[in-house]
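Number of protein chains: 2
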Amino acid sequence: MTESAGTEPLGVGIIGLGTVGSGVARVLLEHPERMQRRAGRPVVLRKAVVRDLSRSRGIELPAGMLTDQVDEVLNDPETGLVVELIGGLSPAREFVERALKAGKDVVTANKALIYEHGDALCALAREQGKTIAFEAAVAAGVPIIGSVGQALAANQITGIEAVLNGTSNFILTEMSHNGLPYDAAVQLAQERGYAEADPSMDVDGTDAAHKLVILTQLAFGTRVPLDAFIRQGIDTLELADLQYARELGYRVKLLAVARIRNGLLEMHVEPTLIRRGHPMSTIEDVYNRIQIDGDVVGRVWFSGMGAGQAATASAVVADLIDTASGRTRLNFPLLDLWHQREPVPVLPADELSRRYYLRYNVIDRPHMMADVTDILGRQGISIASVMQHEAPEIDCTSDSDEEPIVPLVIMTHRTTEGQMRSADREIAQLQAVRMPRVRMPVDG
Amino acid sequence: MTESAGTEPLGVGIIGLGTVGSGVARVLLEHPERMQRRAGRPVVLRKAVVRDLSRSRGIELPAGMLTDQVDEVLNDPETGLVVELIGGLSPAREFVERALKAGKDVVTANKALIYEHGDALCALAREQGKTIAFEAAVAAGVPIIGSVGQALAANQITGIEAVLNGTSNFILTEMSHNGLPYDAAVQLAQERGYAEADPSMDVDGTDAAHKLVILTQLAFGTRVPLDAFIRQGIDTLELADLQYARELGYRVKLLAVARIRNGLLEMHVEPTLIRRGHPMSTIEDVYNRIQIDGDVVGRVWFSGMGAGQAATASAVVADLIDTASGRTRLNFPLLDLWHQREPVPVLPADELSRRYYLRYNVIDRPHMMADVTDILGRQGISIASVMQHEAPEIDCTSDSDEEPIVPLVIMTHRTTEGQMRSADREIAQLQAVRMPRVRMPVDG
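Taken in order, these protein sequences are the chains called A and B.
If you count by the working numbering, then the first sequence holds residues 183 to 626, one letter each, in order.
If you count by the working numbering, then the second sequence holds residues 183 to 626, one letter each, in order.
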């Protein structure tokens, strides 16, 4: 009765045997019975391609399975499915293209590749009658791609709000809970294997933005380039800001938002103040959480590890099973990637309407507060609360005549990004204001 | 390239047009383009069967679509899919059997039916080369059946911990947050449409237990009958217990648990104290949350409305789309329902090991505390904390000579259910102990 992809074994080749690749290989080698039961056919690892054969990998492969020749996978007629896990754009793109042209289905966890070349690669796959599955590219083990495409298929999705970068969330958690300064928290993330040697894609918001673009394309059928929306990372935050936010009853999260309001797409990735107790404020460490609003289901949440190697391997293997069982062949042509409807116009950044957290480092001198609040007032920005701690006591034995610098923290009522930017430019001109000037939106 | 179930329209008949049925009909009638895009073929509502044609339903159907003759659906050659939404065991079972025998696929939201006759109905479906989909039977709009079967397919699931009954959770939330007594909270749930006129299946834990059995069968491939595990509802709780739990830093949730430990299945549905701040303690109102532990993915969470009509309709329509697109035909034979492995033995209730919250209503007289704690001590149960509030001041103008009754609240260290039951039997014999005696496990 089934229309499955047959019961003959599916040969798999893995390109890239880092931590995720090792995790995938481990499941295939250690649980062949589980794979067969779930996929309806045997799923057999044939080759794993690495750059350096001599490096140890924490997994022992049967003799002859490890190779440094990618052609041994791409030219192998018994390999029906290629798993691309080397990351980056090149040579990942070429390998995926060659795999598709050689008549192989593809599974990848590479969000940069899907963001940058997803449309072209998926078009090529369709031409070739093959499929690409990429559940692991967004939120690792959290099944969000499948949920948007299938489980929530009854819905027009109207909003996505998510913590999508596990590395940033880990760093924020360490800063906020354990009082670690930013640099120390980044270093700890690297030691734990949560951050790359160069963590810039994670901490500057690019990684979260890539994932949000992919989700937005799936959910709204509209592709938004990275430069069309505000993208801010956590790399400009200081420990003090997290502590002030806490004092005010908030947590700071790197929040990715895409939602339709009045026919316009509001989209941004920014460190955001979220009220304590809100479901999104409680997600910690390397965990991701995605909140979806659908026009039928209401609001649903998905959470899980967003940066663990095992969690990512779980999603990759799920894609393997989906491909082996024939599900991917059904799902792939039905993804909303193909139904480019009228693109939804993106709300210009200046028109974003929200509350703000502001921190100005000011020289503690008379009339300072009046100058700042006067500028805000003239821009029509109404102040909800002000917090200015006392300056540290002056050391009379010091011969420094520097005036003490104090943080001035302001929470505004709702205003627009445009008004806020204008005010900020004016405030920057004040002689008594020093860098950094911090501005974060408040959610809700 | 696709192996979809074709591109010809799929005719749908709905049996039962209550709130969920109306929601399903609304999506089909209002969003035909969406259905076609997601399913790859038109999905067309042909008939909706109701018992009473004269009742108003909050949805206007095209002329001739409403009928009180179930045969108009079951005998219609153009109807390929029957949606059973009348609930209960009979005649739901007969209708599903007739639909399958007439060569129609089935979608149902009926957890009692799946719990009671799921095995027989699914076997019949397989014989007939047809499918049954029942995502809406567990946790309404939260896609947990699909996630366990597909998104988490790489994993052997090792643990399920869940709030699965939205009605109970709504009642607990109203009691805990708004101080409503149990009866008033039940009445409010009924007014809001969250509880039936007879809410006993919800509040006595049966509904949550049905859902847990279904999840357990899917996750562990082992079927556990209702009488093989502890099932306690919220109907024995008093407002006071929720308040004492709060004072102690906990929340009370109707928690459904199934997990493998040392080769044994630990399974129970009980009001449970959960430490404040734990993800499961923050789920409120009619929302459900399901926490899954997998041997590859680690821990993931799914949340959404567990008792809303629209949320349930979303899951039913997702099943319709899955069936129309051909996905159900692939998934159905791969469900772990079919792979009955060695059944996992259920841990005997007496051997459950956990902490307990105890409340005894005792007459405020000397040596009372010593009597109770002596019994606990002799059973080897160690006390973590005791809370006894002062008795209300005695009204000297009253001529009642009744001794005042005070609540004695005890938190124990880890012990077994068996020891706890023995102690409880002894304590019940104490002359100064009055009903009710409340005993709840503490999670974690």
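Every residue, glycine too, gets a C-beta built ideally from N, C-alpha and C.
Note that the coordinates shown come from a computational prediction; the quantities given were computed from them, not determined experimentally.
- Counting only Cβ-Cβ distances below 9 Å, N360 of chain A has no contacts in chain B at all, with the closest Cβ about 17 Å away.
- Beta bridge pairing from DSSP links D287 of chain A with A:L263.
- With respect to chain B, the C-beta atom of S329 of chain A has a partner C-beta closer than 9 Å.
- Below the 8 Å Cβ cutoff, chain B contributes S496 as neighbours of N337 of chain A, in chain order.
- Contact between the stretch 336-353 of chain B and the stretch 300-314 of chain B is absent, with fewer than three C-beta pairs closer than 8 Å.
- Cβ contact annotation for F402 of chain A (same chain, cutoff 6 Å, sequence separation greater than five): V526, in chain order.
- No Cβ of chain B is located within less than 9 Å of the beta carbon of M622 of chain A.
- The DSSP-derived three-state label of F484 of chain A is strand.
- Listed by position along chain A, the residues whose Cβ is nearer than 8 Å to that of T464 of chain B are G459, P461, T464.
- The shortest C-alpha to C-alpha distance from R233 of chain A to any of A:V468, A:T249, A:R547 is the one to A:T249.
- DSSP places L540 of chain B in the uninterrupted beta strand (DSSP E) bounded by 535-545.
- Pairing V528 of chain A with A410 of chain A gives a Cβ-Cβ distance under 9 Å.
- For Q310 of chain A, the three-state secondary structure derived from DSSP is helix.
- Checking the DSSP bridge columns, you'll see Q473 of chain A partnered with A:E343, A:W483.
- In terms of Cα proximity to E279 of chain B, the closest of B:D258, B:I353, B:A302 is B:A302.
- The residue among B:Y364, B:V225, B:L400, B:E260 with its C-alpha nearest the C-alpha of L516 of chain B is B:L400.
- Listed along the chain, the chain A residues whose CB falls inside 8 Å of the CB of I503 of chain B are Q332, A335, A336.
- Nearest to D501 of chain A by alpha-carbon distance, out of A:L534, A:Q414, A:D606, A:F316, is A:F316.
- By the neighbour-count definition (other C-beta atoms within 10 Å, threshold 16), Q332 of chain B is a buried residue.
- As the crow flies, the alpha-carbon of S496 of chain B is around 8 Å from that of G205 of chain B.
- For the stretch 207-234 of chain A, the set of positions with a beta-carbon nearer than 9 Å to some beta-carbon of chain B reads R208, V209, H213, R216, M217, R219, R220, A221, G222 in chain order.
- Among the residues of chain B, those whose CB is under 8 Å from the CB of R481 of chain A are G486, M487, following chain order.
- For the 9 Å CB-CB criterion, L436 of chain B and A390 of chain B form a contact.
- In chain order, Y542, V544, Q570 place their CB closer than 6 Å to the CB of L590 of chain B, counting only its own chain and leaving out the 5 sequence neighbours on each side.
- Exposure of S564 of chain B is indicated by the presence of fewer than 16 other C-beta atoms within 10 angstroms of its C-beta.
- Scanning chain A for C-beta atoms nearer than 8 Å to the C-beta of G246 of chain B yields nothing, as the closest lies near 25 Å away.
- Taking a C-beta distance under 9 Å as the contact criterion, L354 of chain B and L455 of chain B do not qualify as a contact pair.
- Assignment of beta-bridge partners to P589 of chain A by DSSP yields A:N543.
- For A321 of chain A, the CB contacts under 8 Å within the same chain, skipping 5 residues up- and downstream, are A344, L346, K393, N470, I472, F484, G486, G488 in chain order.
- Not a single CB atom of chain B sits nearer than 9 Å to the CB of P525 of chain A.
- In this structure the stretch 367-382 of chain A does not lie against the stretch 441-451 of chain A, because fewer than three pairs of beta carbons, one per stretch, are closer than 8 Å.
- In terms of Cβ geometry, V265 of chain B and R228 of chain B do not form a close pair [threshold 9 Å].
- Residue pairing by DSSP places H450 of chain A opposite A:I412, A:V439 in a beta bridge.
- In this structure, the CA atom of T597 of chain B is about 18 Å from the CA atom of R619 of chain B.
- CA-CA distance, A291 of chain A to I327 of chain B, rounds to 24 Å.
- Q399 of chain A is bridged by DSSP to nothing; it lacks a bridge partner.
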